[in-house]
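Colleague: Mapping of the sequence shown onto our numbering: residues -5 to 248, in sequence order. Where a beta carbon is used, it is the ideal one built from N, C-alpha and C, also for glycine.
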Amino acid sequence: MTDSQRVDSSSGLNLFFHGCGSGGHLSLGSAAATVEQQGTPLLLIDCGPGTLASFQQRYQCLPPALFISHAHMDHIADLEILTVRARLAGVAPIPLFVPLSIITTLHQRLATYPGTMAEGDHNFWQAFQLLPVTDGFIWQQRQWQIHATRHHAPGSSYALHLAGTLFYSGDTRPIPEVMAHCLKGGERLFHDCGLHANPSHTGLEDLAREYPETLRQQLVLYHYANEQDGEQLRQAGYQVARPGDCFALGASQA
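#1: How long is the line joining the alpha carbons of A83 and C187, rounded to whole angstroms?
#2: When DSSP labels each residue in this structure, what does A153 get in the three-state scheme?
#3: Below 7 Å CB to CB, which residues in the same chain sit around Q212 once its five sequence neighbours on both sides are set aside?
#4: Give me, in chain order, the residues of the same chain whose beta-carbon lies closer than 6 Å to that of F161; leave out the 5 immediate sequence neighbours on both sides.
#5: DSSP on S24, reduced to helix/strand/coil?
#6: State the start and end residues of the unbroken beta strand (DSSP E) segment that holds L38.
#7: Near Y232, what residues of its chain come up, given a Cβ to Cβ distance below 7 Å and the 5 sequence neighbours on each side ignored?
#8: How far does the alpha helix (DSSP H) with F49 in it extend, from its first residue to its last?
#9: Starting from V214, trace the alpha helix (DSSP H) in both directions and tell me its first and last residue.
#10: Count the other CB atoms within 10 Å of the CB of P108; is the residue buried (16 or more) or exposed (fewer)?
#11: If you check the beta carbons only, do F10 and E30 fall under 7 Å apart?
#12: In terms of alpha-carbon separation, which member of D115, H145, D129 lies closest to Q139?
#13: What whole-angstrom Cβ distance do Y218 and L227 have, given they're in contact under 8 Å?
#14: Could you check where the beta strand (DSSP E) with P193 kicks off and where it finishes?
#15: On the CB-based measure, 16 or more other CB atoms within 10 Å of its CB, does S24 come out buried or exposed?
#16: In the DSSP output, what is C14 paired with across the bridge?
#17: State the beta-bridge partners of L90 as determined by DSSP.
#18: DSSP three-state call for V1: helix, strand or coil?
#19: Would you please state the rounded distance, in angstroms, between the beta carbons of I62 and I75? I believe it to be under 8 Å.
#20: To the nearest angstrom, how far is the alpha carbon of C240 from that of N8?
#21: Thinking C-alpha only, which one of E171, H101, R136, H66 is nearest W119?
#22: Just the C-alpha distance for S(-2) and P237, rounded to the nearest angstrom, thanks.
#23: Do you know how far the Cα of A26 is from the Cα of P170?
#24: Quickly, what does DSSP pair N8 with across the bridge? List them, please.
#25: Let's see if you can read the secondary structure: which residues bound the beta strand (DSSP E) around A142?
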C-alpha cells in the first residue's frame, strides 16, 4: 500500500483527489479534492470540468459545501452543472465559501447567463449560500484560513489552510513567505507543481530554489500536465498525487 492510499488518520480526516491535472491538460482531471472524515465528504475544494461526476461517483451525493480557490474555468466550470442538479434535487442551498476579491469574477463568469434552466425561474445563486471569506471561515467546527497566492493577478487566487492538518496551495508560483510564516507544524502540504514553470505556476526547478529541503520532503505535488511529467516529478524524489489518491491528514499521516 502506498503512502497516498494510507487513510483514516487519528483525526479521521483525509484528502481525496478527484483530479490533479493542469488547466490545459485534463487527461488527469481538473485539479480538485475533497476533505473527508471517515469516508464522509466535508468540503470540496474547487469544481472544474468532471469534478462533480467524480464526487457523485465516490460519495453518491451532492457536495455538502465548497471552497473556491480562484475563478479560472478549470476550477469552477462544474458549478453550473451543480446549480441545476441542486435545484432539481430540491436540496437546501449549498454553502459556497468564496474569497471576497473573486466574487465579482465568479458572478460574471457563471451567474449572468440568462435562463439557467429550460423550465425557467432559476437563478444561479439560488442553489448556493454564498459565504464571502476575508481571512478565514468556520465550517464543521473547524477554523479554516485562506492565504493569497501568486497566480496571475494579485488577490485572484488563494490557498486553503487548516492549521496542523492541511495546506492546499491552489494554483500558484512558489510562496515561501506564506509557508515560512503560516504553517503551524503537522500539516500535510499539497502544492501546485508542473515539470516546467511559467509565470503563473510552479515548476520543478522552483522547488529547490525557493523551499528548504525539510519542507520539500513534506510536499505532495499536483496540477501537472500528464502522467509522464508526474513520473519525472516522482523520479526527482517527490510524492505526486494521482486521480483517486486519498491522503491521511494531520500529524498521523505516515
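Modeller: Taking the coordinates as given:
#1: Taking the straight line from one Cα to the other gives about 37 Å.
#2: Reduced to three states, the DSSP call for A153 is strand.
#3: Leaving aside the five residues that flank Q212 on each side, the residues in its chain whose CB is nearer than 7 Å to its CB run, in chain order, L183.
#4: Excluding sequence neighbours, F161 sits near H155, E181, L183.
#5: Of the three classes helix, strand and coil, the one that applies to S24 here is strand, per DSSP.
#6: For L38, the uninterrupted beta strand (DSSP E) run begins and ends at 34 to 39, by DSSP.
#7: Excluding residues within five positions, the ones whose Cβ falls inside 7 Å are L213, L215.
#8: 45 to 53 is the span of the alpha helix (DSSP H), which, as asked, contains F49.
#9: DSSP places V214 outside any alpha helix (DSSP H); the residue lies instead in the beta strand (DSSP E), whose first and last residues are 213 to 216.
#10: Only exposed fits P108, as fewer than 16 other CB atoms lie within 10 angstroms of its CB.
#11: Yes, they are a contact pair.
#12: Of the residues D115, H145, D129, the one whose Cα lies closest to the Cα of Q139 is D129.
#13: By a beta-carbon distance limit of 8 Å, Y218 contacts L227. Their separation comes to about 6 Å.
#14: Careful: P193 lies outside any beta strand (DSSP E) and carries neither H nor E.
#15: Counting other Cβ atoms within 10 Å of its Cβ, S24 reaches 16 or more and is therefore classed as buried.
#16: Note: C14 sits in no beta bridge, so no partner.
#17: Looking at the DSSP output, L90 bridges to L60, L124.
#18: Confidence is the limiting factor: at V1 the pLDDT is only 43, short of 50, which leaves the residue's position unreliable, though a coordinate-based value still follows. Coil, per DSSP.
#19: Contact doesn't hold; Cβ gap of about 15 Å is too wide.
#20: C240 and N8: Cα-Cα distance of roughly 6 Å.
#21: Nearest C-alpha to W119: H101.
#22: Bear in mind that the predicted position of S(-2) carries a pLDDT of just 41, short of 50, making it unreliable; the figure below should be weighed with that in mind. If I take the Cα positions, the gap works out to 11 Å.
#23: C-alpha separation (whole angstroms): 23 Å.
#24: Paired residue(s): E30, A242.
#25: Residues 136 to 142.
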